[in-house]
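Data first, discussion second: the structure below is written as structure tokens.
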Amino acid sequence: MRVATPILYFSLWGLLMLLGCPEPNDGPQPPPKPPAQNVVALDAGGRVLPPDKDGGAPIFIADAGLGEPQKADAAVPTETIDAGQNEPIPPPESDAGVETIPPDDAGITPPLIFTGQTFDLANGSWLTGVTASTYGHDPFLVTASEAEGHFEMEVNAGGLFFLRTSWPGYRTTFSPIAIQNVSVSQNIPMVSNDLVTQWSTDTGTVQSNACGLVLLQVLDGGGEGLAGVGPVTLSDAVDASGPFYLDNDHQVLIDATGTSEAGYVLFMNVCTAGSNLISTQTSFTRTIEIEGDTEERILSMHTATVLFEKMMVGEAPPPPPPPENLIDFATEIHPLFESLYCANCHRANSPLPNIQLELDGTPDAVYEALLGGDAPRVDLNVPDDSLLLKKPLLEDPPDHPNAAFIATNDPAYVLIRSWIEQGAPFEGSVFVDPPEPLRFAEDIMPIFQVGGSGRGCASCHSGTLPSGGLGLAGAPDAVYDHLVAGALLDLTTPVNSPLLQVPASSDLQIHPTRVFYSEDDPDFQRILTWIADGAVHEENSDGGL
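For the record, in the sequence shown the residue sitting at position 100 is 112 according to the working numbering, with numbers rising by one throughout.
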């Protein structure tokens, strides 16, 4: 049986940049005020065009956790963060980084608000007029930052998506945004072409325009940079240059072998497979390993050209062996639908229309919803084709309002896939079609009859004046109606049903003949199961009582 993944010792964020043709840069100049209603240019595929219509150099920021913009001078606005917290920084007008949005009167959670500010990573200055759009979010959203870099979007509750930001003289940035069930404020850093040029000069590295950079910061539990972490390696990327360790001003520390108190690590020339920077068919694995600990965390997702898979704090562990025990649905799979916020939408009174899968029920109900019916969400023959895995996997364009899995090595994805590979067991048994419920006429009526396997109940409970006023010798419909009218069936506590307890009584004043001497009696159990399953009678239009 698996156990829950332990909490990381470190909080980490990373920056992945694909460098195309650098944009002209004569120093950061404030752009004109964005047009009314934040109108921006889109290409034929619905993507945002940067101001110079050149895709620029995308930056992929993996994991939130950036601290506040650093002070350039007294005129640069800064924010504070509570000690011990590693949370996004609220905008100045906000009293808190998160705001709980209560459900409305119908029980439907309204869209959540995602706010933030865009700023220059090197000097902390706010950037106004930055184009911001979503990747992996349905619907596609676009806006532009306003005074002091502020922007705001209404987003779906529960899930992951990337925020794409671009501005002249800066590398296009992709920042992962994790939305739970509260509104979130997260500031978005941007890296200037000048800073990239400075890194190239300081490291003596010729940065290829067809390659990217990875910038990582290692933080301690209080959100401060962690010194002395090293060596840090970028696996599966022999073409990369680095690691280079940076100080608080993002300058290269020559000959350093580990992180400074700033915690920054830089890799350059993290290359794609070819010259086409916007390829939707190619993805690569980038694994970061940090010596000293053994925790693991997904840091990013499918992108246009690079798949930056995961970060490890510690040496790479060997591949985990197959689980010795079957994965238990009720205790290991079912809780994921709450922790990943799937049940925020997949429930009754969903905020989204046409929801056909409810994941907020009991384990039994959810299991049946996933594997039962004519269109199961689990493919036992080809696990990766299971809708349960494919739909919430982050991709662009999205086919799901938001994502639960960043990549196919996301721990939750791996756990669910392993469960499907085992045959999607419930309580340690490989899934088989549930047995048909017991039917009154076929399975219960014969117990009352005289002769054969019957218990002879109808010998007394028959005629015009049956014993106790209960007739058990008529047609099934009539007998079933007698049981219902006489309140002999207790669907709330089936074992207390008079139909069972009266003939099981040893008191002859209650029943002249004892029929069931033990609850283990097969006929007692058969009747008990029938009542517990809803006392189904095939002629009863509502399937039971």
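Beta carbons are placed, not taken as given, at the ideal position from N, Cα and C, and that holds for glycine. For clarity, every value in this text was computed on a predicted model and none was experimentally measured.
Closer than 7 Å to chain D by CB, residue i
{"i": "Gln-521", "result": "As a matter of chain content, chain D is missing from the structure shown, which is built from one protein chain."}
Residue range of the unbroken alpha helix (DSSP H) whose run includes residue i
{"i": "His-494", "result": "488-497"}
{"i": "Pro-404", "result": "From DSSP, Pro-404 is part of no alpha helix (DSSP H); its letter is neither H nor E."}
{"i": "Val-218", "result": "Taken as a continuous stretch (DSSP letters only), Val-218 belongs to no alpha helix (DSSP H), as it is neither H nor E."}
{"i": "Ala-516", "result": "510-516"}
{"i": "Val-426", "result": "423-433"}
{"i": "Thr-155", "result": "Thr-155 -> not in any alpha helix (DSSP H); beta strand (DSSP E) instead, spanning 154-156."}
{"i": "Thr-541", "result": "534-544"}
{"i": "Pro-375", "result": "375-383"}
{"i": "Phe-349", "result": "348-351"}
Rounded separation between residue i and residue j - CA only
{"i": "His-412", "j": "Gln-368", "result": "13 Å"}
{"i": "Pro-409", "j": "Leu-500", "result": "58 Å"}
{"i": "Ile-456", "j": "Val-496", "result": "14 Å"}
{"i": "Glu-439", "j": "Gly-373", "result": "17 Å"}
{"i": "Ile-418", "j": "His-149", "result": "12 Å"}
{"i": "Gly-242", "j": "Phe-186", "result": "26 Å"}
{"i": "Ala-487", "j": "Phe-452", "result": "11 Å"}
{"i": "Leu-227", "j": "His-262", "result": "10 Å"}
{"i": "Thr-127", "j": "Gly-141", "result": "15 Å"}
{"i": "Leu-503", "j": "Arg-538", "result": "15 Å"}
{"i": "Val-462", "j": "Asp-340", "result": "45 Å"}
{"i": "Trp-542", "j": "Gly-385", "result": "22 Å"}
Per DSSP, cross-strand counterpart(s) of residue i
{"i": "Val-167", "result": "Leu-124"}
{"i": "Thr-130", "result": "Ile-200"}
{"i": "Val-282", "result": "Gly-224"}
{"i": "Tyr-182", "result": "Ser-204"}
{"i": "Phe-173", "result": "Ile-189"}
{"i": "Gly-417", "result": "It is worth fixing the name first, because residue 417 is Phe in this sequence and not Gly. Bridge partners of Phe-417: Leu-405."}
Sequence-distant residues of the same chain with beta carbon closer than 8 Å to residue i, five excluded per side
{"i": "Leu-124", "result": "Ile-113, Glu-166, Val-167, Asn-168, Ala-169, Ile-191, Asn-193, Val-194, Ser-195 and Val-196"}
{"i": "Phe-131", "result": "Pro-81, Ser-137, Trp-138, Leu-139, Gly-161, Asn-199, Ile-200, Pro-201 and Met-202"}
{"i": "Thr-1", "result": "Residue 1 lies beyond the residue range present for the chain, which begins at 13 and ends at 557; the question has no answer from this structure."}
{"i": "Gly-464", "result": "Pro-458"}
Span of the beta strand (DSSP E), counted from its first residue to its last, around residue i
{"i": "Tyr-147", "result": "143-147"}
{"i": "Leu-258", "result": "253-258"}
{"i": "Phe-460", "result": "Segment 457-460 is the alpha helix (DSSP H) holding Phe-460; no beta strand (DSSP E) there."}
{"i": "Pro-188", "result": "185-191"}
{"i": "Val-394", "result": "Run containing Val-394: none; DSSP gives neither H nor E here."}
Assumed close pair residue i, residue j - CB separation to whole angstroms, cut-off 8 Å
{"i": "Cys-357", "j": "Asn-281", "result": "With a Cβ gap of about 41 Å, Cys-357 and Asn-281 do not count as contacting."}
{"i": "Pro-375", "j": "Ala-342", "result": "4 Å"}
{"i": "Leu-540", "j": "Pro-506", "result": "6 Å"}
{"i": "Arg-359", "j": "Leu-371", "result": "7 Å"}
{"i": "Ala-156", "j": "Thr-146", "result": "That belief does not hold up - the Cβ atoms of Ala-156 and Thr-146 are roughly 13 Å apart, past 8 Å."}
{"i": "Phe-173", "j": "Ile-189", "result": "6 Å"}
{"i": "Ile-522", "j": "Ile-428", "result": "In fact, because the Cβ distance is near 52 Å, the residues do not count as touching under 8 Å."}
{"i": "Pro-388", "j": "Glu-433", "result": "Contact doesn't hold; Cβ gap of about 15 Å is too wide."}
Proximal residues to residue i (C-beta, below 7 Å), its chain only, five neighbours per side dropped
{"i": "Ser-441", "result": "Model confidence at Ser-441 stands at a pLDDT of 44, short of 50, so the residue's coordinates are unreliable and nothing is read from them."}
{"i": "His-494", "result": "Leu-482 and Gly-483"}
{"i": "Gly-436", "result": "Correcting the residue type first, residue 436 is Ala in the shown sequence and not Gly. Leu-383, Val-390, Leu-392 and Phe-443, listed in sequence order."}
{"i": "Tyr-353", "result": "Ala-169, Gly-170, Gly-171, Gln-192 and Asn-193"}
{"i": "Leu-265", "result": "Tyr-257, Leu-258, Asp-259 and Ser-272"}
{"i": "Ser-518", "result": "Arg-526"}
Close beta carbons around residue i, own chain, < 6 Å, minus the five adjacent residues each side
{"i": "Ala-485", "result": "Ala-470 and Ser-474"}
{"i": "Arg-467", "result": "Ile-459 and Val-527"}
{"i": "Ala-134", "result": "Leu-207 and His-262"}
{"i": "Ala-544", "result": "Pro-506"}
{"i": "His-549", "result": "Phe-452 and Tyr-492"}
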